[in-house]
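Asks: Here it is, the structure in full.
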Amino acid sequence: MPLPTHRNPLAVFIVAALILGVVGALVVITTLRFIEDSRWVAHTTAALSQVEDIAALEASAIAAQRGYLLTGDEERRTAFWEARARMPEELRELDALVQYRPARKKLAVLEPILLERMTLASRAVGVYEQQGLAAAQAHIKANGSQKLDRQIAALIKDTRALEWNLLQMRRQKSERSANWLLIVTVFGISLSLLMLVGVYRVLASENAERRKSEVRLRHLSGSMTGLSKYAAMLQSCEDITELLTITRHAMVLLTPSVAGTVYLIRASRNHAEAAMQWGEHAAPSGDLLKPSDCWAVRRNQPFCCDDVHASVACSHVGMPPEGASAATACVPLSAHGELMGWLYLSTAEPGPIADFELASQAAEQFSLALANLRLQEALRHQSIRDSLTGLFNRRYLEESLAREISRCQRRNLPLVVLMFDLDSFKTFNDHHGHTGGDALLSAFGRLLQANSRPEDIPCRFGGEEFVLILPEAARDIGLQRGRTILSATAQLVVQHRGVALEKVTTSAGMSMLPDHGSTTSALIEAADKALYQAKSEGRNRVCVAPGAQDPASTIGQPARQP
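The numbering used here numbers the first residue of the sequence shown as -19 and each following residue consecutively.
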């Protein structure tokens, strides 16, 4: 409120100073609270990540142990013992991270069960090495490993759920702290400026300056509100397209007199592409550029040119029409140490560019949101995809197969599971090395993906074993698909270091719903037995697991020993 002219200016300044002190104290308190809440969010996120690491390590150890029991592969034996040795250290790290009492109770139960499961797995390896596979399998059935696996899965799930709920609560608390900080800051700035305006109104000669201050205040308040809304919207974006759309609309409102383009650097790091633009540039710029064309990218800091005719501009900036002026600015888009592109701004008047600081803050918010989206996408991809072949991994296979079984049972539809194993892969790997073997696995993964329908689920089961789930596919379709993949594999040409490697074959086992069971384990086990039958009968063929009525059948051709 403007102060009456009879008020003592000194008293007004004293009151203003007291209010500023109170506001400053509130800002400090809310800032410290926000920092503390953010630290707890990061801590809980780290605990969640450690839970996922332990779950993955346990699954990797058991998979390596089972692979060693089935194949005798020394690499899988080594992988099992390495994972077994890492487990206590990972558990200690988790124990240090988890401080939430309900989660610690779950952890107290989980740790001895996990260690016991690793011990039982170690004993099974010992039995296998001393007495063979049959004795090891009998030992596994008798020692209650499956019960421990279920308990471990349930405890990990409960611990994850508890930490996730805690993370959500802490995020909400952090958001509330941020909101309070924003409210206190905006309120303090607004109140302080209003009081300063009131002091200046005491002097009639300062009326014009007072009005300008009010205009600036309204503009600043609107800009901060718009920027706050923009930042809040970015947190809810689910993909980059949505992120760019929201950014275009926000920048049109925040910087109406400025034209801009967002350039994103491609994964190759050789080129940057114009991903989004608003307004019409006074100084044109291309759609596909080299990152080195921009000074902001080279220096990793904003670069401004107040007049392209009188000073140095980025090489990607074109000259405006003859006689026209233009000011430009480039702001790097970087977050978490990664440079992802830049924001190009231009205006038809000599600089400095209006609302440049506001645009810079918006670019910072955009960079953080883009980095978070890319990180989320990478984490999602890593959690369900095999890094070498690009196919779904075993964890996703087990989850999706159970879901498809339930869906097909409800609709009374068939389902086929095809399990493939590359013939003589160990010999191939020994001859061409791990890089050659990886090239073959990657090529076969692409072949399997190319021979899959959109609704099919191609997965890497482990090592050189692959699984293809065919929902709503009958026996004949599954056999036809198996023969097609066998034929395509025999013709597959793998290039490695500029040399075409020798051709290989694959064997396949097939199981069906409901002939061979109605659970994930039953169908996988039936397909696995049929696969070993195909191997024993000469390879390069498809074997169907025996059903309730039909004996085992073989579809294929005489094997060619690769």
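Even glycine gets a Cβ: it sits at the ideal position worked out from N, Cα and C.
Please read these numbers as outputs of a predicted model, since none were measured by experiment.
To which residues of the same chain is VAL(-5) closer than 7 Å at the C-beta, ignoring the five residues directly before and after it?
Replies: Here residue -5 corresponds to residue number 15 of the sequence shown, with the count starting at 1. Within the same chain, VAL(-5) has no close Cβ partners at all.
Asks: In terms of residue numbering, what span does the alpha helix (DSSP H) encompassing ARG278 cover?
Replies: To locate residue 278, count along the sequence shown from 1; it is residue 298. Start and end: 275 to 279.
Asks: I'd like the list of long-range same chain contacts for LEU28, defined as Cβ closer than 6 Å, with 5 residues on each side in sequence excluded.
Replies: Mapped onto the sequence shown, residue 28 falls at position 48. If we look at LEU28 and ignore the five residues flanking it on each side, its Cβ neighbours are GLU143.
Asks: Assuming ALA309 contacts PHE346 (C-beta within less than 8 Å), just tell me the rounded distance between them.
Replies: As a working note, residue 309 is residue 329 in the sequence shown. As a working note, residue 346 is residue 366 in the sequence shown. Contact flag wrong, Cβ pair sits at about 15 Å.
Asks: In whole angstroms, what is the alpha-carbon distance linking GLY106 and VAL242?
Replies: Here residue 106 refers to the residue found at position 126 of the sequence shown. Here residue 242 refers to the residue found at position 262 of the sequence shown. Near 60 Å, if we compare the C-alpha coordinates of VAL242 and GLY106.
Asks: Determine the burial state of ASN280: buried for a count of at least 16 other Cβ atoms within 10 Å of its Cβ, exposed for fewer.
Replies: Here residue 280 corresponds to residue number 300 of the sequence shown, with the count starting at 1. By the 10 Å Cβ count, ASN280 comes out exposed.
Asks: Which class does ASP53 belong to by DSSP, given the choice of helix, strand or coil?
Replies: Your numbering for residue 53 matches position 73 in the sequence shown. In the structure shown, ASP53 sits in coil (DSSP, three-state: anything other than H, G, I, E or B).
Asks: Name the one or two DSSP bridge partners that ALA480 has.
Replies: Taking the first residue of the sequence shown as 1, we reach residue 480 at position 500. According to DSSP, ALA480 bridges with GLN475.
Asks: Please report the residue range of the alpha helix (DSSP H) in which MET490 lies.
Replies: Counting from 1 along the sequence shown, the entry for residue 490 is found at position 510. Run containing MET490: none in the alpha helix (DSSP H); it sits in the beta strand (DSSP E), 486 to 493.
Asks: Out of PHE441, ALA480 and ALA525, which has the shortest C-alpha to C-alpha gap to SER40?
Replies: To locate residue 40, count along the sequence shown from 1; it is residue 60. Checking every option, the nearest Cα to that of SER40 belongs to PHE441.
Asks: Could you check where the beta strand (DSSP E) with THR241 kicks off and where it finishes?
Replies: Translated into positions along the sequence shown, residue 241 becomes position 261. Residues 239 to 245.
Asks: Three or more C-beta pairs closer than 8 Å, one from the segment 157 to 174 and one from the segment 59 to 72: is that the case here?
Replies: In short, these stretches do not touch, since the Cβ pair count stays below three.
Asks: From PRO494 to SER467, what distance separates their C-alpha atoms?
Replies: As a first step, residue 494 is located in the sequence shown; it is residue number 514 there, counting from the start. As a first step, residue 467 is located in the sequence shown; it is residue number 487 there, counting from the start. Straight-line Cα distance between these residues: approximately 28 Å.
Asks: If you draw a straight line from the alpha carbon of ARG461 to that of ARG365, how long is it in whole angstroms?
Replies: Here residue 461 refers to the residue found at position 481 when the sequence shown is read from its first residue. Here residue 365 refers to the residue found at position 385 when the sequence shown is read from its first residue. C-alpha separation (whole angstroms): 23 Å.
Asks: With H, G and I counted as helix, E and B as strand and the rest as coil, what does DSSP make of VAL288?
Replies: As a first step, residue 288 is located in the sequence shown; it is residue number 308 there, counting from the start. Reduced to three states, the DSSP call for VAL288 is coil.
Asks: Would you please state the rounded distance, in angstroms, between the beta carbons of ALA351 and MET320? I believe it to be under 8 Å.
Replies: One-based indexing of the sequence shown puts residue 351 at position 371. One-based indexing of the sequence shown puts residue 320 at position 340. Yes, ALA351 and MET320 are in contact; Cβ-Cβ is about 7 Å, under 8 Å.
Asks: By Cβ distance, which residues of its chain are closer than 7 Å to LEU264, with the 5 residues on each side in sequence left out?
Replies: If you number the sequence shown from 1, residue 264 lands on position 284. The sequence given here places Pro at residue 264; Leu does not occur at that position. So the qualifying residues of the chain are GLY298.
Asks: For ASP286, which residues from the same chain have a beta carbon less than 7 Å from its beta carbon, with the 5 sequence-adjacent residues on both sides left out?
Replies: Counting from one through the sequence shown, the residue named residue 286 turns up at place 306. Excluding positions up to five away in sequence, the list reads ALA307, PRO330, GLY331 and PRO332.
Asks: Is VAL2 buried or exposed, if buried means 16 or more other CB atoms sit within 10 Å of its CB?
Replies: Residue 2 sits at position 22 when you count from the first residue of the sequence shown. Classification of VAL2: exposed, given that the 10 Å Cβ count is below 16.
Asks: Quick one: what's got a C-beta closer than 6 Å to VAL417's C-beta in the same chain, skipping five residues either side?
Replies: Taking the sequence shown and counting its residues from 1, one reaches residue 417 at position 437. The amino acid occupying residue 417 in the given sequence is Gly; Val does not appear at that position. Hits under 6 Å: ASN409.
Asks: What did DSSP end up calling SER314 once you bin it into helix, strand or coil?
Replies: Indexing the sequence shown from 1 puts residue 314 at position 334. Note: SER314 maps to strand in three-state DSSP.
Asks: Whole angstroms is fine: what's the gap from ASP75's alpha carbon to ALA(-3)'s?
Replies: For the purposes of this step, residue 75 is identified with residue 95 of the sequence shown, where counting begins at 1. For the purposes of this step, residue -3 is identified with residue 17 of the sequence shown, where counting begins at 1. So the two alpha carbons sit approximately 49 Å from each other.
Asks: Report the option in VAL524, GLN79 and LEU472 whose CA atom is closest to the CA atom of ALA454.
Replies: In the sequence shown, counting from the first residue as 1, residue 454 sits at position 474. With distances taken between Cα atoms, ALA454 lies closest to VAL524.
Asks: Could you check the C-alpha separation between LEU233 and CYS217 for me, to the nearest Å?
Replies: Start at 1 with the first residue of the sequence shown, and residue 233 comes out as number 253. Start at 1 with the first residue of the sequence shown, and residue 217 comes out as number 237. Each residue's alpha carbon lies about 19 Å from the other.
Asks: Closer than 7 Å by C-beta to ALA343: which residues in its own chain qualify, once you throw out the five before and the five after it? Chain order, please.
Replies: Counting from 1 along the sequence shown, the entry for residue 343 is found at position 363. Cβ neighbours of ALA343 beyond the five flanking positions: VAL311, LEU313 and LEU323.
Asks: Counting only the same chain and skipping the five closest in sequence on each side, list residues whose C-beta sits under 7 Å from that of ALA116.
Replies: Counted from its first residue, the sequence shown places residue 116 at position 136. Result list for ALA116: LEU49, ALA104, VAL107 and TYR108, in chain order.
Asks: Using CA coordinates, which residue listed in LEU472, ARG387, THR464 and THR227 is at the minimum distance from ALA419?
Replies: Along the sequence shown, read from residue 1 onward, the residue named residue 419 stands at position 439. Residue LEU472 is the option with its Cα nearest to ALA419.
Asks: Quick one: complete alpha helix (DSSP H) runs, 4+ long, within the segment 76 to 130?
Replies: Entirely contained in the segment 76 to 130, the alpha helix (DSSP H) runs reaching 4 residues are, in chain order, 81 to 111 and 113 to 122.
Asks: May I ask you to report which of helix, strand or coil DSSP gives ASP401?
Replies: The residue you call residue 401 lines up with position 421 of the sequence shown. Three-state DSSP puts ASP401 in a strand.
Asks: For a test of the three-state rule: what should DSSP assign to ILE449, helix, strand or coil?
Replies: In the sequence shown, the residue the question calls residue 449 occupies position 469. Reduced to three states, the DSSP call for ILE449 is strand.
Asks: Note down, in chain order, each residue of its chain lying with its Cβ closer than 7 Å to the Cβ of THR10, except the 5 sequence neighbours on either side.
Replies: Residue 10 sits at position 30 when you count from the first residue of the sequence shown. The answer, listed in chain order, is SER157, TRP160, LEU161 and VAL164.
Asks: How long is the line joining the alpha carbons of GLY240 and ALA255, rounded to whole angstroms?
Replies: As a first step, residue 240 is located in the sequence shown; it is residue number 260 there, counting from the start. As a first step, residue 255 is located in the sequence shown; it is residue number 275 there, counting from the start. When rounded, the distance between both Cα atoms is 11 Å.
Asks: Here's the rule I'm using: 16 or more other beta-carbon atoms within 10 Å means buried, otherwise exposed. How should ILE465 be labelled?
Replies: Residue mapping note: residue 465 aligns to position 485 of the sequence shown, counting from 1. Looking at its Cβ environment, which holds 16 or more other Cβ atoms inside 10 Å, ILE465 is buried.
Asks: Taking the beta strand (DSSP E) that ILE457 falls in, what are its first and last residues?
Replies: Taking the first residue of the sequence shown as 1, we reach residue 457 at position 477. Counting along the chain, ILE457 falls outside any beta strand (DSSP E), though it belongs to the alpha helix (DSSP H) covering 455 to 470.
Asks: Would you identify the three-state DSSP class for MET256, choosing helix, strand or coil?
Replies: By 1-based counting over the sequence shown, the position of residue 256 is 276. It is a strand residue.
Asks: Which one of SER363, ARG191, ILE226 and THR221 has the shortest CA to CA distance from LEU207?
Replies: Working through the sequence shown from its first residue, we reach residue 207 at position 227. The candidate whose alpha carbon is nearest that of LEU207 is ILE226.
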